[in-house]
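**Student:** Residue numbers (the working numbering), protein chains in the order written: chain A, 1 to 201; chain B, 202 to 621. All residues carry an ideal CB built from backbone N, CA and C; glycine is no exception. Since the model is a prediction, treat every value here as computed from it, not as a measurement.
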Amino acid sequence: MTARLKRFAILIALLLPLGGCVGFTLAKGGEPIDMGDGVSVQPPRDWNRMSIGKYEYWTLDGLRLQNILFVKGVEDGENIVFRRARNEEPEKDTFPKFKKGMTLLDIRELLETTWARQEFHRTRVTKFGPAKFGGRDGFEMIFTFDTKDGLEMRGWAVGAVVGERLFMAIYRGTRIHFYERGEKDFRKIIGSYRFPARPSS
Amino acid sequence: MTRRFRSLAPILVILLLGACAGDDKSFYERGLNQGAQNAAKEGDHGEKAAAFPFKIGDLAPAHRPDPKSDEAGIWYQVDKVERRIKTAGERYRHAAVNSYIRSVTCRVTGRYCKDVRVYTIRAPGLQASMYPNGMMHISTGLLLRTQNEAQLAAVIGHETGHYLRRHSLQRIREIIDASNSLFFFRVALAGAGIPVAGDVVTLMAIGEMTAYGRNHEREADGYGLLLMTQAGYDPEEAWKIWDLTLKESKAIKKDEERTVFFASHPQPEERMHEMRRLSKTVKTADTTDLGQDRLQELVAPIRADLIRDELNLRRFDGFEVLLDHLIEGGQNLAELYYFKGEMRRLRGKGKDFVEALGFYDKAATMPGTTPPEFHRSRGVVQRKLGRRNAAMASFAAYLRANPQAADAGIIRQLIEEPEK
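Here you go:
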């Protein structure tokens, strides 16, 4: 084995375990990003992106410091938490579920209860009002909470029900520094959020 | 490693320990009598109590284990857990509640007051646990379920019994002995895919499911009775907590959850019966304090939050049992009937919305105060049932009562929504 080949083999060996558990790709700044279902967004700068089925996490500095969770078309009878497989984490079966015909008040309750079950503590909603999301009538929610480790967090969620499916973008970050660091980006990202002209349903 | 194998690992350990000890009801009395004898002679620290075949040394107030001992190693690990819990998100930071619990704890533990540190955890359900270093956790769900201070004192006394008799240390040592060495145990755990980082906590959890664990529960029940009685509380309150627990666990239909509960504790029927019997033998004219007003005054302003925590679990059958229990207590019935309605609104099956509205209407006529969300919930259900005018009136009432509500914009939108 040549020295060059050996270096390459070591590099691959080091990268392989990372690939299995992280799976981040780059969401390039200034370019439209296809989120599936004809939905697209355009981030103002590079974000790290991890897509898992109907859920997609974005972060600048690490998921625990700040993240955007995109919820992409949750259907009637499904809950709003990511799980790897249906038989994994069976306790999530008892999480509240999205139902078609839910009012925005019901959706607020769905979010708050889900977060309580995920051990977000001291959640305080300071605003929950009507807002446009991707050009559709939806909601906006401003909130704070503490993580299980006692870290104080801020959050901003927007969403809408389109074709009887729930779409959301939820931005969360630490009260100190990291929320602010991504806040302007999030504003631009949700401003660029576009549903296709005819939503698939 | 498959999930199934991982869940088998603790059972294997229990089987391994199965031969070591049998269930023995005499432990209730041992806890009570030996504790009483020791208390009479030299203070209650279990020095002379040889209820278990291996020797546990004295545990005086302000005890710290010998730094060279295995006990010190276990304390060191649990101290780390305690440092985390001090700033953890789930810690209930409510000054009045924490100072109240502190005062009840000191009354029950006497000269061990400084050794037992209680942390209130914001969590539904009846949960209380004792760690080897004197750290105790109790859930806010416990405060919701106790009808008076004497019942709370019984639980704190029970957990203190675990500390004084160093039950968790005994269990951890038992498991390590039974599995030959901690090293072997770690390898077994790691092999089963259980993270080794939380050693002590894992060991404690597994230890509780053994027959030894059940005898420890019995002995701690005896100590609990002793300590609460010494503090002047009415010992006949202790068994009543099990009455509610039994009813709630019967209502939970999922067999899985019931099995886990009953594996780690003696049958509640047995505990109720034994505690009831023993309480009569220790009760005197001086041990009648219930402290009902003190506890209820503390819980009243936070009760709606705690009930909401229970409802978040969406275990509707157990929730109904709990609500009926609270209704029997008779405090702020308006709030309780509101939650009867909430449960049906959230379940939303069959006649639930019609019944929910019935309970909201009932809540409006009951003594007490409903939470600020009352009119909103009532409006939501009226709207679902097609009673538009009533719904609009409820939403308007909600805005009048909560002009600064975070969701005022959404409510206004619903009021202005055109008729379909």
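Would you be able to state if there are at least three C-beta pairs under 8 Å between the stretch 506-516 of chain B and the stretch 431-448 of chain B?
**Tutor:** no
**Student:** Along chain A, in chain order, which residues have C-beta atoms closer than 9 Å to that of Gln-583/B?
**Tutor:** By one-based count along the second sequence, residue 583/B stands at place 382. Those within 9 Å of Gln-583/B in chain A number zero; the least Cβ separation is about 12 Å.
**Student:** Measuring only between beta-carbons, confirm whether Gly-492/B sits less than 7 Å from chain A.
**Tutor:** Position 291 of the second sequence, counted from the start, is the residue given in the question as residue 492/B. Chain A contact via Cβ: absent.
**Student:** Reducing DSSP to helix, strand and coil, say where Gly-587/B ends up.
**Tutor:** Within the second sequence, residue 587/B is the residue found at index 386, counting from 1. Here Gly-587/B sits in coil by DSSP.
**Student:** What residues of chain A sit near Tyr-335/B, judged by a beta carbon separation below 7 Å?
**Tutor:** The residue labelled residue 335/B in the question sits at position 134 within the second sequence. A small correction: the amino acid at residue 335/B is Gly; Tyr does not occupy that position in the sequence shown. Within chain A, no C-beta atom comes nearer than 7 Å to that of Gly-335/B; the closest sits roughly 22 Å away.
**Student:** Hey, how far is the Cα of Ser-192/A from the Cα of Thr-126/A?
**Tutor:** Residue mapping note: residue 192/A aligns to position 192 of the first sequence, counting from 1. Residue mapping note: residue 126/A aligns to position 126 of the first sequence, counting from 1. Rounded to whole angstroms, Ser-192/A to Thr-126/A spans 25 Å at the Cα level.
**Student:** Identify the contact partners of Thr-288/B in chain A, using a Cβ-Cβ distance below 8 Å as the criterion.
**Tutor:** For this step, residue 288/B is matched to residue 87 along the second sequence. Within 8 Å Cβ-Cβ: Asp-149 and Gly-150.
**Student:** Quick check: is the beta carbon of Thr-113/A nearer than 7 Å to any beta carbon in chain B?
**Tutor:** Here the question's residue 113/A lines up with position 113 in the first sequence. Taking Cβ atoms only, chain B reaches closer than 7 Å to Thr-113/A, which makes this a yes.
**Student:** Are the stretch 325-339 of chain B and the stretch 472-485 of chain B touching by the rule of at least three beta carbon pairs closer than 8 Å?
**Tutor:** Result no; under three Cβ-Cβ pairs closer than 8 Å.
**Student:** Does the CB of Ile-611/B have a neighbour CB from chain A at under 7 Å?
**Tutor:** As a first step, residue 611/B is located in the second sequence; it is residue number 410 there, counting from the start. Yes, contact with chain A.
**Student:** In chain order, which continuous runs of the beta strand (DSSP E) of length 3 or greater are located wholly inside the stretch 285-342 of chain B?
**Tutor:** 318-322, 329-331 and 336-340
**Student:** Which of helix, strand or coil does DSSP assign to Asp-271/B?
**Tutor:** The residue labelled residue 271/B in the question sits at position 70 within the second sequence. Residue state, collapsed to three classes: helix.
**Student:** So, at 6 Å on beta carbons, what are the nonlocal neighbours of His-576/B in its own chain, with the 5 sequence-adjacent residues on each side left out?
**Tutor:** Within the second sequence, the letter at position 375 stands for residue 576/B. So the list reads Ser-595, Ala-598 and Tyr-599, once near-sequence residues are dropped.
**Student:** Counting only beta-carbon atoms, is Asp-146/A nearer than 7 Å to chain B?
**Tutor:** Translated into the one-based positions of the first sequence, residue 146/A becomes position 146. Answer yes: the Cβ-Cβ gap between Asp-146/A and chain B drops below 7 Å somewhere.
**Student:** Identify whether Pro-436/B lies in helix, strand or coil by the three-state DSSP scheme.
**Tutor:** Counting from one through the second sequence, the residue named residue 436/B turns up at place 235. Note: Pro-436/B maps to helix in three-state DSSP.
**Student:** Runs of 3 residues minimum, wholly inside the stretch 60-142 of chain A: which ones carry the beta strand (DSSP E) assignment?
**Tutor:** 66-74 and 121-133
**Student:** Give a yes or no on whether the minimum CB-CB distance between Ala-241/B and chain A is below 7 Å.
**Tutor:** Translated into the one-based positions of the second sequence, residue 241/B becomes position 40. Confidence is the limiting factor: at Ala-241/B the pLDDT is only 41, short of 50, which leaves the residue's position unreliable, though a coordinate-based value still follows. Taking 7 Å as the threshold, the shortest C-beta distance from Ala-241/B to chain A does not fall below it.
**Student:** Between Val-582/B and Arg-84/A, what straight-line distance do the alpha-carbon atoms span, to the nearest angstrom?
**Tutor:** Your numbering for residue 582/B matches position 381 in the second sequence. Your numbering for residue 84/A matches position 84 in the first sequence. Their backbone Cα atoms lie some 35 Å apart in a straight line.
**Student:** Can you find a CB in chain B that lies within less than 7 Å of the CB of Lys-127/A?
**Tutor:** By one-based count along the first sequence, residue 127/A stands at place 127. With 7 Å as the cut-off, Lys-127/A counts as an interface residue toward chain B.
**Student:** Residues of the stretch 53-83 of chain A in Cβ contact with chain B at a cutoff of 7 Å, in chain order, please.
**Tutor:** none
**Student:** For His-417/B versus His-368/B, is the C-beta distance shorter than 7 Å?
**Tutor:** As a working note, residue 417/B is residue 216 in the second sequence. As a working note, residue 368/B is residue 167 in the second sequence. Cβ atoms of His-417/B and His-368/B: closer than 7 Å.
**Student:** Any idea what DSSP makes of Arg-187/A, helix, strand or coil?
**Tutor:** Reading the first sequence from its first residue, position 187 is the one you call residue 187/A. Arg-187/A falls in the helix class under three-state DSSP.
**Student:** To the nearest angstrom, how far is it from the Cα of Gly-326/B to the Cα of Ala-354/B?
**Tutor:** By 1-based counting over the second sequence, the position of residue 326/B is 125. By 1-based counting over the second sequence, the position of residue 354/B is 153. Taking C-alpha positions only, Gly-326/B is separated from Ala-354/B by approximately 18 Å.
**Student:** What are the boundary residues of the alpha helix (DSSP H) that Tyr-539/B is part of?
**Tutor:** Here residue 539/B refers to the residue found at position 338 of the second sequence. From DSSP, the alpha helix (DSSP H) with Tyr-539/B extends over 534-548.
**Student:** Could you work out which residue in Pro-604/B, Arg-366/B, Lys-481/B and Arg-545/B is closest to Phe-228/B when comparing CA atoms only?
**Tutor:** Position 27 of the second sequence, counted from the first residue, corresponds to residue 228/B. The shortest Cα separation from Phe-228/B among Pro-604/B, Arg-366/B, Lys-481/B and Arg-545/B belongs to Arg-366/B.
**Student:** Would you say Thr-94/A faces chain B, with C-beta separation under 7 Å as the test?
**Tutor:** What you label residue 94/A is simply residue 94 of the first sequence in a count that begins at 1. Yes, Thr-94/A lies at the interface with chain B (some Cβ there is under 7 Å from its Cβ).
**Student:** Evaluate contact between the stretch 27-38 of chain A and the stretch 48-64 of chain A, counting only Cβ atoms and requiring at least three cross-stretch pairs below 8 Å.
**Tutor:** yes
**Student:** If I'm right that Leu-479/B touches Leu-426/B with Cβ under 8 Å, what's the distance once you round it to whole angstroms?
**Tutor:** What you label residue 479/B is simply residue 278 of the second sequence in a count that begins at 1. What you label residue 426/B is simply residue 225 of the second sequence in a count that begins at 1. Yes, they are in contact, since the Cβ atoms of Leu-479/B and Leu-426/B sit about 6 Å apart, within 8 Å.
**Student:** Which same chain residues, not among the five before or five after Ala-351/B, have their C-beta less than 7 Å away from its C-beta?
**Tutor:** Taking the first residue of the second sequence as position 1, residue 351/B is located at position 150. If the five residues before and after Ala-351/B are omitted, its C-beta is found closer than 7 Å to the C-beta atoms of Met-429, Tyr-434, Asp-435, Glu-438, Asp-490, Leu-491 and Gly-492, all from its own chain and listed in chain order.
**Student:** Taking its Cβ as the centre, do 16 or more other Cβ atoms sit within 10 Å of Ile-189/A, making it buried, or is it exposed?
**Tutor:** For the purposes of this step, residue 189/A is taken as residue 189 along the first sequence, with counting starting at 1. With 16 or more Cβ atoms within 10 Å of its Cβ, Ile-189/A is classed as buried.
**Student:** Which residue or residues does DSSP assign as beta-bridge partners of Ile-52/A?
**Tutor:** Here residue 52/A refers to the residue found at position 52 of the first sequence. Answer by DSSP bridge pairing, in chain order: Tyr-55/A.
**Student:** Counting only Cβ pairs nearer than 9 Å, list the residues of chain B close to Arg-117/A.
**Tutor:** Position 117 of the first sequence, counting from 1, holds the residue named residue 117/A. Under the 9 Å cutoff, chain B gives Asn-513, Leu-514 and Arg-515.
**Student:** For Arg-108/A, go through chain B and note every residue whose CB falls closer than 7 Å to its CB, in chain order.
**Tutor:** Locating residue 108/A in the first sequence gives position 108, where the first residue counts as 1. Those are Asp-608, listed as they occur along chain B.
**Student:** With a threshold of 6 Å on Cβ separation, who are the neighbours of Lys-184/A within its own chain once the five nearest residues in sequence on each side are excluded?
**Tutor:** Within the first sequence, the letter at position 184 stands for residue 184/A. Excluding positions up to five away in sequence, the list is empty.
**Student:** Can you find a C-beta in chain B that's less than 7 Å from the C-beta of Leu-166/A?
**Tutor:** In the first sequence, the residue the question calls residue 166/A occupies position 166. It does not; no Cβ of chain B falls within 7 Å.
**Student:** Can you check whether the C-beta of Leu-26/A is within less than 7 Å of a C-beta belonging to chain D?
**Tutor:** The structure shown contains no chain D; its protein chains are A and B.
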